[in-house]
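Residues in the sequence shown are numbered consecutively from 14, following this note's numbering.
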Amino acid sequence: MSPGASLPDERLAALDRRDRAWFVDLVFRILVLAGGLSGIVFIVGIFVFIFAQGAGFLLHRFDPAEFFGSIEWRPTSPEPKYGALALMAGTASVTGLAMLVAVPFSLGAAIYIAEFATGRTREFLKVLVELLAAIPSVVWGFIGLTIMNPLIIEAFDVPIGLCILNAGVILGLMAAPIMTTIAEDALKAVPDSYREAAEAMGATRWQVVRKVVLPAARKGIVAAVLLGVGRGFGETMAVLMASGHAIHLPTSPFDSVRALTATIAAELGETARGSEHYQALFTLGIFLFLVTFVINLTADLVLHGGRRKRKP
């Protein structure tokens, strides 16, 4: 057989390989698309489920003035009251104090790990931060209950240490490792050419970090802070154990409070399915869902709005 006689077979083999490559590429594109859409489907499904469970309360019993303006949460009394103002204030106060603890600590740790630590020190600190993030929330709750509680009582001469300060510190320590990891990744993603250009102009190491690296990594840092805020709003067990679980408007860091998530966790298991109390708890869940959505949407609008303004 002459050498030219094998050309049709080679062409058929090349076409076959091309068809297989096209099919494999199509399969992976479909899988990636399905994976991307699944997140949207799951979020919509969760919201539909929560709304369906709380729809009866929202449509027939919900009173905006009572829900948002009253501190009386008495769902099991002969005349039930569903005022969630104290629960919202407790969640906001604990989360706010947690961010005051977590943001400086996590950003400082991220800057040191990304810009100043080297070699084994950097690797050791990164592993240590990741291990802190792996500690279960119930363990943090035990720390707040058994360690922070007597420390606060002794240090500040208060009758009880289960309060906003306790829950805020514990929640801040819980959120800081995740925020540190994301912020450190954002700082490392800044191209080295930015640092080299600033150093070539005579900038010190701290000036490079403050005036070049931090502005360039702003989006990742904002994402880290938002994740910490989401962790604060969504945390349950540690806040339940460390906050005192008392319903009233806080006036100082040493007041005991009750969070929205802690209320749902503490009461849902003992509530009759489909009852008014049951539906009211799911209404609290709808409110938490909407607050988290608004926080993320606002941050996204701020970031994209600032980017459009910088365009010529």
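We put the CB at the ideal spot given by N, CA and C, even for glycine.
For residue i, which three-state DSSP category applies?
| i | result |
| --- | --- |
| arginine 74 | coil |
| arginine 87 | strand |
| glycine 215 | coil |
| asparagine 309 | helix |
| lysine 322 | With a pLDDT of 48 at lysine 322, under the threshold of 50, the predicted position of this residue should be treated as unreliable, though the coordinate-derived value follows. Here lysine 322 sits in helix by DSSP. |
Measure how close the beta-carbons of residue i and residue j come, nearest whole angstrom, since I'm counting them as under 8 Å.
| i | j | result |
| --- | --- | --- |
| phenylalanine 246 | cysteine 176 | Wrong, their Cβ atoms sit about 19 Å apart, outside the cutoff. |
| glycine 181 | leucine 110 | 3 Å |
| alanine 97 | phenylalanine 80 | 5 Å |
| valine 242 | methionine 101 | At roughly 15 Å, the Cβ-Cβ gap does not stay under 8 Å, so valine 242 and methionine 101 are not in contact. |
| leucine 273 | threonine 104 | 5 Å |
| methionine 192 | alanine 251 | Actually they do not touch by this definition, with Cβ atoms about 16 Å apart. |
| valine 270 | valine 107 | 7 Å |
| threonine 194 | valine 142 | 6 Å |
| valine 222 | glutamate 128 | 5 Å |
Leaving out five residues before and five after residue i in sequence, what residues of the same chain have Cβ atoms less than 6 Å from its Cβ?
| i | result |
| --- | --- |
| glycine 67 | Gln292, Phe295, Thr296, Ile299 |
| arginine 321 | Because arginine 321 sits at a pLDDT of 49, beneath the cut-off of 50, its placement in the model cannot be relied upon, and the following sentence gives the value as read from the coordinates. Counting only Cβ-Cβ distances below 6 Å, and skipping sequence neighbours, we find nothing. |
As a quick exercise: from the options, pick the residue whose alpha carbon is nearest that of residue i.
| i | options | result |
| --- | --- | --- |
| alanine 199 | Lys232, Ala188, Gly215 | Lys232 |
| glycine 174 | Leu44, Val304, Ser265 | Ser265 |
| glutamate 248 | Val226, Ala278, Val221 | Ala278 |
| proline 163 | Arg42, Thr305, Phe64, Ala255 | Ala255 |
| glycine 257 | Leu178, Glu92, Phe55, Arg133 | Leu178 |
| proline 88 | Leu303, Leu281, Leu301 | Leu281 |
| leucine 184 | Phe302, Ile43, Leu145, Ala65 | Leu145 |
| isoleucine 260 | Gly48, Leu72, Trp86 | Trp86 |
| glutamate 69 | Ser288, Val140, Arg133 | It is glycine, not glutamate, that sits at residue 69 in the sequence shown. Checking every option, the nearest Cα to that of glycine 69 belongs to Ser288. |
| threonine 131 | Gly154, Arg31, Lys201 | Lys201 |
| alanine 275 | Leu301, Asp170, Ile166 | Leu301 |
| glutamate 92 | Leu39, Val37, His290, Leu303 | His290 |
| valine 151 | Val40, Leu253, Ile43 | Leu253 |
| isoleucine 308 | Ile53, Leu240, Leu39, Glu283 | Leu240 |
Report all residues from its chain with a CB closer than 8 Å to the CB of residue i; omit the five preceding and five following residues, and keep chain order.
| i | result |
| --- | --- |
| valine 203 | Val225, Val226, Ala229, Ala230 |
| alanine 18 | Its pLDDT being 49, under 50, alanine 18 is placed unreliably by the model, and the measurement read from it follows with that caveat. Correct list: empty, nothing qualifies. |
| aspartate 76 | Tyr95 |
| tyrosine 125 | Leu138 |
| threonine 305 | Gly243, Phe246, Gly247 |
| arginine 208 | Val221, Val225, Val226 |
| isoleucine 165 | Val171, Gly174, Cys176, Leu178, Asn179, Phe267 |
Within its chain, find whatever has a CB closer than 7 Å to the CB of residue i; leave out the 5 residues flanking it on each side and keep chain order.
| i | result |
| --- | --- |
| serine 83 | Lys94, Gly96, Leu98 |
| alanine 196 | Ser119, Leu120, Ala123, Gly233, Ile234, Ala237 |
| isoleucine 189 | For the record, residue 189 in the displayed sequence is alanine; it is not isoleucine. The answer, listed in chain order, is Ala115, Phe118, Ser119. |
| leucine 71 | Thr296 |
| proline 263 | Ala102, Gly103, Ser106, Ile177, Val270 |
| alanine 285 | Tyr291 |
Whole alpha helix (DSSP H) runs in the region 224 to 306 with 4 or more residues, listed along the chain?
-> 231 to 247, 250 to 255, 273 to 281
Curious, which full-length alpha helix (DSSP H) runs of at least 4 residues does the region 135 to 215 contain?
-> 150 to 156, 162 to 169, 177 to 201, 205 to 213
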